[in-house]
Amino acid sequence: MSKIISPLRELLKKDTIWVWEKRHHLALKELKELVTTSPILTHFNPDKEITIQCDASKDGLGCCLLQDKKPIAFASRSMSETEISYAQIEKEFLSLIFACRKFHYYIFGRTINALTDHKPLVSIMQKDVIKIPSNRLQKMRLKLLEYDIRLKYLPGKKMHIADLLSRDYMQETFTEEFDTGATVHCINRFYNNNLLNIKTESELDPVLNKIIEYYYQSWPNRKHIEKSVQLYYNLRNEIIIENGIIYVADKIVIPTKLRPLILKLLHESHLGLNKTKLRAEQIIYWPGMFNEIEQFINNCNTCNKFQNSNKKSPLVPHEVPNYPYEKVGADILSFEGTDYLVIVDYYSKWFDLIKLKYKTASEIIKKSKQIFSTHGIPKTFIADNMPFNSSEFITFSKTWNFTVVTSSPHYPQSNGLAERTVQTSKKLLKKALEEGCDVKAMLLEYRCTPIISLQASPAELLFSRILRTKLPIANKLLEPRLQHKVQTKLKALQQKYKSNYDKTATKKETQFKPNTNILIQNNKVWLPGKVIAKANAPRSYLVENNNGTIIRRNTKHLKNTKINVTGNSKEGNIEGKSKVKNKSNKSVLVKELSTRPIRKKKYLTDLKIL
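With UniProt numbering, you'll find the sequence shown wraps up at 610, consecutive numbering, no jumps.
(1) Note down the Cα distance separating residue 409 from residue 317, rounded to an integer number of angstroms.
(2) Round the Cβ separation of residue 292 and residue 120 to the nearest angstrom and send it over; I've been treating them as touching at under 8 angstroms.
(3) Just the C-alpha distance for residue 206 and residue 30, rounded to the nearest angstrom, thanks.
(4) Let's see if you can read the secondary structure: which residues bound the beta strand (DSSP E) around residue 550?
(5) Within the continuous alpha helix (DSSP H) that includes residue 429, where are the two ends?
(6) For residue 369, would you say it is in contact with chain C, using Cβ-to-Cβ distances shorter than 9 angstroms as the test?
(7) Using the beta-carbon count (16 or more within 10 Å), is residue 133 buried or exposed?
(8) Does residue 529 come out as helix, strand or coil in the three-state DSSP assignment?
(9) Which one of 547, 335, 521, 441 has the shortest CA to CA distance from residue 309?
(10) Could you tell me the boundaries of the alpha helix (DSSP H) in which residue 345 lies?
(11) Beta-carbon within less than 7 angstroms of residue 184's beta-carbon, same chain only, minus the 5 sequence neighbours each way: which residues are those?
(12) Indicate whether the contact test is met: 3 or more Cβ pairs, each with one atom in the stretch 101-113 and one in the stretch 214-221, closer than 8 angstroms.
(13) Less than 8 angstroms between C-beta atoms, sequence neighbours within five positions excluded: which residues of the same chain meet that for residue 456?
(14) Where does the unbroken beta strand (DSSP E) through residue 105 begin, and where does it stop?
(15) Is it right to say residue 361 is buried, meaning 16 or more other beta carbons lie within 10 angstroms of its own, or is it exposed?
(16) Within 10 Å of its beta-carbon, does residue 525 have 16 or more other beta-carbons around it, so buried, or fewer, so exposed?
(17) Using CA atoms only, rank isn't needed, just tell me which of 144, 235, 381 is closest to residue 344.
(18) Considering only their Cβ atoms, is the gap separating residue 352 from residue 365 smaller than 9 angstroms?
(19) Between which two residues does the beta strand (DSSP E) containing residue 49 stretch?
(20) For residue 267, I'd like the list of residues in its chain whose CB is within less than 7 angstroms of its CB, leaving aside the five on either flank, ordered along the chain.
(21) What is the residue span of the alpha helix (DSSP H) that residue 374 lies within?
(22) Going by the DSSP bridge assignment, what does residue 521 pair with across the sheet?
(23) Among 55, 230, 249, whose alpha-carbon lies nearest the alpha-carbon of residue 138?
(24) Grab me the residues of residue 251's own chain with a C-beta within less than 7 angstroms of its C-beta, minus the 5 sequence neighbours each way, in chain order.
(25) Output the distance between the C-alpha atoms of residue 52 and residue 259, rounded to the nearest integer angstrom.
(26) So, at 6 angstroms on beta carbons, what are the nonlocal neighbours of residue 359 in its own chain, with the 5 sequence-adjacent residues on each side left out?
(27) Do you know whose CA, among 77, 54, 70, lies nearest residue 60's CA?
(28) Alpha carbon to alpha carbon, how far is residue 32 from residue 611? Give it in angstroms, no decimals.
(29) State the DSSP-derived secondary structure class of residue 64, mapped to helix, strand or coil.
(30) Taking residue 545 as the reference, give the member of 530, 478, 240 with the closest Cα.
(31) What is the DSSP secondary structure of residue 76, counted as helix, strand or coil?
Below, the structure is given as structure tokens:
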């Protein structure tokens, strides 16, 4: 009509000369025919594509049958009192059923296009019946299974005919029955107490209560919605309410008050973060759910306590010594009730196995002097903590001018050469016991056997000569012979070992700042703690556990956490040593000796730590 009267509108424009022409006369004549003649419906053509428009207003349903955008038939009706109380999506679905029933003889057995201005209805029609959470919508969907419908979305401003019919409907009504026609089994109705609680709390929850209101009355413009409700705005087309419970798709929306309980139930089996998220994603929803799940699991004491051990980090090898007996490693071996002192040279791999009468610092000092008097005093002495970090042994190290470096507790890998030598020594002792052999003779032969990677024996590397054993040997081979490029070979061997080790090392080195909350691994369980300071060695920290004890640990046994440490004492202590303050208010580490007076000792301040 707008196109028809456009010539007439030109005459009404300002500064236009009014001249009545033939085209104006024809436009006026055509306009009179349009306003005085009723529109005529087009005849149905079975060879053409069929389109249905359907719409629902507050109280009525409207639909029309179209071919080539021309009307074939119109239909409308009012809703019953029960239908008026339906949610909008149910009313829209009802209008589609009404259209299919009304035009059944036109559309049955054919593929038809159906147009709706309610977008959520399109997604509902695309779902399997079993996945539709609303019982009423499921039954409505079942009603349409006999039709081949391609439902499409058409904005309401373009759906003129069906919208008009739904608002100016015929005053006739009937109620669609959505119950099945036959009863196969009859059971008592089942009430789920959890769902009843969710329904009650949803009604009391101010946000969900608002969503229920918008669901039945239609959503307003986003600008007019409270911020707390706006979180659901983009999901409004997915929201369905069934028996007072809100669903997003087929997932129950949990009210705020019940979320702590739901989190606890989700994590009842103490599974990991990803599995818990996957489980929640299947059945429930609320905005920010994944973040709350992550926070809940991170703060779970049980999960933190029984976490897996850290994966190994890239290897940090010891510095290769420049000459024999510059650096040695030491450890104590126990075999068949007897203790042995093992000292191994990092350069030549020569080791001494000395029987100990007592496992005391004085006995170890006595045997160490015996070895040093033969091979010389090393510059660096690497060992475990006790008894090598005792005051007596530290005094001995200062007197004999060598540095004691202790490995991290529970991390023997930092003194790996000594640990491997202990295993080798145990094998020699076991075999000597089995065969009744002399251990000293076995040691001699071991020291004269070439190391494959270096093509020289420990004796050759330490003394630059082959030692005479029980085996026959030419005198010429017993002559001294210098070993060249040993350090280069050791570095190449070390790099090769590191390269192979790092292939399976996946964890990057973690840096911890003072006062950071951490977890400390102790006997395969993780306990809360706090970082005090970095120790004077790679990957080693002084940390305080939840008992207030200050201990030293490698990063292998530390993890970041958000759990706060709860110490039982204000002052900490280091593995049996407590902090006391001197007159200058500086903390000094001292050893507790029963009820005797506490003496201040400073030996630990001179002790380097791995």
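The beta-carbon is built from N, C-alpha and C at its ideal position, and this holds for glycine as well.
Treat the numbers as computed from the prediction; the structure is a model and nothing was measured.
In brief:
(1) A straight line joining the alpha-carbon of residue 409 with that of residue 317 spans about 18 angstroms.
(2) About 27 angstroms separates the two Cβ atoms, so there is no contact after all.
(3) The alpha-carbon atoms of residue 206 and residue 30 are separated by roughly 59 angstroms.
(4) DSSP places residue 550 in the uninterrupted beta strand (DSSP E) bounded by 549-554.
(5) Looking at the DSSP string, the run of the alpha helix (DSSP H) that includes residue 429 is 416-435.
(6) Among the protein chains of the structure shown there is no chain C, as only one such chain exists.
(7) Within 10 angstroms of the beta-carbon of residue 133 lie 16 or more other beta-carbons, which makes it buried.
(8) Correct three-state label for residue 529: strand.
(9) Distances from the CA of residue 309 to each of 547, 335, 521, 441 were compared; the closest alpha carbon is that of 521.
(10) Unbroken run through residue 345 is the beta strand (DSSP E), 338-345; no alpha helix (DSSP H).
(11) For residue 184, the predicted model reports a pLDDT of 49, less than 50, meaning its position is unreliable; a value from the coordinates is still stated below. Cβ within range, chain order: n/a, list empty.
(12) In short, these stretches do not touch, since the Cβ pair count stays below three.
(13) For residue 456, where only same-chain residues beyond five positions count, the Cβ hits under 8 angstroms are 450, 483, 486.
(14) First-last for residue 105: 104-107, but that is the alpha helix (DSSP H), not the beta strand (DSSP E).
(15) So residue 361 counts as buried.
(16) Its Cβ having fewer than 16 others within 10 Å, residue 525 is exposed.
(17) Closest by alpha carbon: 381.
(18) No.
(19) Unbroken run through residue 49: none, as it is neither H nor E.
(20) Excluding sequence neighbours, residue 267 sits near 276, 296, 297, 300.
(21) Unbroken alpha helix (DSSP H) run through residue 374: 361-375.
(22) For residue 521, which the question treats as bridged, DSSP gives the partners 526.
(23) The shortest C-alpha separation from residue 138 is found at 249.
(24) So the qualifying residues of the chain are 283, 284, 285.
(25) For residue 52 and residue 259, the distance between alpha carbons rounds to 44 angstroms.
(26) Closer than 6 angstroms at the Cβ level, and outside the excluded window around residue 359, lie 339.
(27) In terms of Cα proximity to residue 60, the closest of 77, 54, 70 is 77.
(28) With the chain running from 1 to 610 in the structure shown, residue 611 is simply not present.
(29) Here residue 64 sits in strand by DSSP.
(30) Answer by Cα proximity: 530.
(31) When secondary structure is reduced to three states using DSSP, residue 76 falls in the strand class.
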